[in-house]
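Peer 1:
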Ligand SMILES: Nc1ncnc2c1ncn2[C@@H]1O[C@H](COP(=O)(O)OP(=O)(O)O)[C@@H](O)[C@H]1O
Ligand SMILES: [Mg+2]
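Residue numbers (the numbering used here): 915 to 1239.
Here is the structure:
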């Protein structure tokens, strides 16, 4: 389901990384991250997400393959590319004894291109952006984990960025902290920043991302829009009726596939809306129910169980997903 994009802000071709000691962490990765997307880089622990991100940012060298970030080859164009990219990998390095504001002043001062005369404005704007203005004077060691992450994102946002790369930004956060990061990511995306974030949590990707790539053991399993992924997780219809045979006949007529009759339960795959075909649109559930009743089928129960993205992942990889991380 990979699709060519008008403009990719990240593009890798046959990217592989073998660590010293022989470990093949990334294996022939072809990634295309469209500009303006919130791109979820999804995979269980150890699947190669952080390794890929490190290569993208020029922190480690690829063993093989090519990497383009913002249209320029990495790592050779790192000096031109990296100022346009904000990144947060494995939690921010903070001074606990400094306030949130003090930490940002320190980060800004470490940037040789940052004009000291406009530092105050940049720092206050970044604090505001991540919702830390009110807590800016508190020492960073008193911050919750979620506030620390947001401060790290603020540091990445001191300069205007076209691309923000966040490696597992919600790792270790409580549900409230996760919500804060999610809404921040959404707000940044609305401002036009492309956000590339890694996660081992499926529902997180489903909630904030427009696009996703799924990794497993260093390899790309699939990539595309989250809507496409969710469409793959189409629902299964279950009808409870004493008239199983007749129900199956009617459902089949209406495009329901893979029908099985067991006892008083008939189950089947709901037809998918097929953008690439000229077939008529799939029937509404209400129409299916009405058709059964019209045909004299006694319907006791009628429902759809929608497969989750997790089911899709399991179907794609043949493995469970370590949701607990
Ligand atoms: N510095 C390293 N040296 C050797 N092996 C590594 C190193 N970093 C990661 N690995 C291995 O590479 C694989 C991918 O790791 P990583 O990229 O951290 O995955 P993820 O971020 O998806 O959890 C794992 O098997 C991990 O043990
Ligand atoms: Mg990682």
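The beta-carbon is built from N, C-alpha and C at its ideal position, and this holds for glycine as well. All of these numbers come straight from a predicted model, not from anything done at the bench.
Answer yes or no: the CB of residue 1081 versus the heavy atoms of ligand 2, is any distance below 7 Å?
Peer 2: Taking the first residue of the chain shown as position 1, residue 1081 is located at position 167. Checking the Cβ of residue 1081 against ligand 2 gives yes.
Peer 1: In angstroms, rounded to a whole number, what distance separates the CA positions of residue 1121 and residue 1014?
Peer 2: Against the chain shown, residue 1121 aligns to sequence position 207. Against the chain shown, residue 1014 aligns to sequence position 100. Each residue's Cα considered, the two are about 28 Å apart.
Peer 1: How should residue 1207 be labelled, buried or exposed, when 16 other C-beta atoms within 10 angstroms of its C-beta is the threshold for buried?
Peer 2: As a working note, residue 1207 is residue 293 in the chain shown. Exposed, since its Cβ has fewer than 16 Cβ neighbours within 10 Å.
Peer 1: So is residue 1130 buried or exposed if we call it buried at 16+ other beta carbons inside 10 Å?
Peer 2: Counted from its first residue, the chain shown places residue 1130 at position 216. Buried is the call here.
Peer 1: So is the beta-carbon of residue 1139 under 7 Å away from any non-hydrogen atom of ligand 2?
Peer 2: Your numbering for residue 1139 matches position 225 in the chain shown. No, ligand 2 has no heavy atom inside 7 Å of this Cβ.
Peer 1: Mind checking which residues open and close the beta strand (DSSP E) that includes residue 982?
Peer 2: Within the chain shown, the letter at position 68 stands for residue 982. Counting along the chain, the beta strand (DSSP E) containing residue 982 begins and ends at 978-983.
Peer 1: I believe residue 1077 touches residue 1006 by the beta-carbon criterion, under 8 Å. Please report the beta-carbon distance rounded to the nearest angstrom.
Peer 2: Along the chain shown, one-based indexing puts residue 1077 at 163. Along the chain shown, one-based indexing puts residue 1006 at 92. Actually they are not in contact, since the Cβ atoms of residue 1077 and residue 1006 sit about 18 Å apart, beyond 8 Å.
Peer 1: By a C-beta neighbour count over all protein chains shown, 10 Å radius and 16 as the cutoff for buried, is residue 963 buried or exposed?
Peer 2: Position 49 of the chain shown holds residue 963. When all chains shown are included, residue 963 counts as buried.
Peer 1: When DSSP labels each residue in this structure, what does residue 1226 get in the three-state scheme?
Peer 2: On the chain shown, position 312 is the one that residue 1226 refers to. DSSP places residue 1226 in helix when its eight states are reduced to three.
Peer 1: Does the stretch 975-986 come into contact with the stretch 923-939, if we say contact requires no fewer than three beta-carbon pairs (one atom in each stretch) closer than 8 Å?
Peer 2: Because the criterion of three Cβ pairs below 8 Å is met, the stretch 975-986 and the stretch 923-939 touch.
Peer 1: May I have the straight-line CA-CA distance separating residue 1213 from residue 1156, to the nearest angstrom?
Peer 2: On the chain shown, residue 1213 is found 299 positions in, with the first residue counted as 1. On the chain shown, residue 1156 is found 242 positions in, with the first residue counted as 1. Distance between the alpha carbons of residue 1213 and residue 1156: 8 Å.
Peer 1: At the level of alpha carbons, what is the spacing between residue 953 and residue 1137?
Peer 2: Along the chain shown, one-based indexing puts residue 953 at 39. Along the chain shown, one-based indexing puts residue 1137 at 223. If I take the Cα positions, the gap works out to 10 Å.
Peer 1: Would you kindly check if the distance between the Cβ of residue 1162 and the Cβ of residue 1173 is under 8 Å?
Peer 2: For the purposes of this step, residue 1173 is identified with residue 259 of the chain shown, where counting begins at 1. For the purposes of this step, residue 1162 is identified with residue 248 of the chain shown, where counting begins at 1. Taking 8 Å as the Cβ cut-off, residue 1173 and residue 1162 qualify as a contacting pair.
Peer 1: Residues with a Cβ closer than 6 Å to any heavy atom of ligand 1, in chain order?
Peer 2: Matched residues: 933, 935, 937, 939, 957, 959, 960, 961, 962, 963, 964 and 965.
Peer 1: Is it the case that the stretch 1047-1062 contacts the stretch 1089-1098, given that we only count it when at least three CB pairs across the two stretches are under 8 Å?
Peer 2: Yes: at least three Cβ pairs fall under 8 Å.
Peer 1: Among 1125, 1009 and 1041, which one has its Cα closest to the Cα of residue 924?
Peer 2: Taking the chain shown and counting its residues from 1, one reaches residue 924 at position 10. Checked all of 1125, 1009 and 1041; the closest Cα to residue 924 is 1125.
Peer 1: How would you call residue 1081, buried or exposed, if buried means at least 16 neighbouring beta carbons within 10 angstroms?
Peer 2: Locating residue 1081 in the chain shown gives position 167, where the first residue counts as 1. With 16 or more Cβ atoms within 10 Å of its Cβ, residue 1081 is classed as buried.
Peer 1: Once DSSP output is grouped into helix, strand and coil, what is the label at residue 1097?
Peer 2: Within the chain shown, the letter at position 183 stands for residue 1097. Residue 1097: helix per DSSP, three-state reduction.
Peer 1: In chain order, which beta strand (DSSP E) runs of at least 3 residues are fully inside the stretch 1129-1155?
Peer 2: Within the stretch 1129-1155, the complete beta strand (DSSP E) runs of at least 3 residues are 1133-1139 and 1149-1154.
Peer 1: Determine whether the beta carbon atoms of residue 1199 and residue 1079 lie at a separation below 8 Å.
Peer 2: Taking the first residue of the chain shown as 1, we reach residue 1199 at position 285. Taking the first residue of the chain shown as 1, we reach residue 1079 at position 165. No, the Cβ-Cβ distance between residue 1199 and residue 1079 is not below 8 Å.
Peer 1: From the DSSP output, which residues share a beta bridge with residue 1157?
Peer 2: Within the chain shown, numbered from 1, the residue matching residue 1157 stands at position 243. Beta-bridge pairing links residue 1157 to no other residue.
Peer 1: Check whether the Cβ atoms of residue 1011 and residue 1053 sit closer than 8 Å, and answer yes or no.
Peer 2: As a position in the chain shown, residue 1011 is number 97, starting the count at 1. As a position in the chain shown, residue 1053 is number 139, starting the count at 1. Yes, the Cβ-Cβ distance between residue 1011 and residue 1053 is below 8 Å.
Peer 1: Check whether the Cβ atoms of residue 1205 and residue 1154 sit closer than 8 Å, and answer yes or no.
Peer 2: Position 291 of the chain shown holds residue 1205. Position 240 of the chain shown holds residue 1154. Contact flag unset, no.
Peer 1: Where do the N-terminal and C-terminal ends of the alpha helix (DSSP H) with residue 1201 fall, by residue?
Peer 2: Position 287 of the chain shown, counted from the start, is the residue given in the question as residue 1201. Segment 1199-1208, the alpha helix (DSSP H) holding residue 1201.
Peer 1: Where does residue 948 sit, in a helix, a strand or coil, going by DSSP?
Peer 2: As a first step, residue 948 is located in the chain shown; it is residue number 34 there, counting from the start. Correct three-state label for residue 948: strand.
Peer 1: Taking all protein chains shown into account, decide if residue 1190 is buried (16 or more other Cβ within 10 angstroms of its Cβ) or exposed.
Peer 2: Indexing the chain shown from 1 puts residue 1190 at position 276. Caution applies to residue 1190, whose pLDDT of 47 falls short of 50 and renders its modelled position unreliable; the model cannot decide the point.
Peer 1: To which residues of the same chain is residue 999 closer than 8 Å at the C-beta, ignoring the five residues directly before and after it?
Peer 2: Indexing the chain shown from 1 puts residue 999 at position 85. Only 971, 983, 984, 1075, 1076, 1077, 1078 and 1079 meet the Cβ criterion.
Peer 1: Roughly how many angstroms separate the alpha carbons of residue 1070 and residue 1230, rounded to a whole number?
Peer 2: Locating residue 1070 in the chain shown gives position 156, counting from the first residue. Locating residue 1230 in the chain shown gives position 316, counting from the first residue. Cα-Cα distance, rounded: 35 Å.
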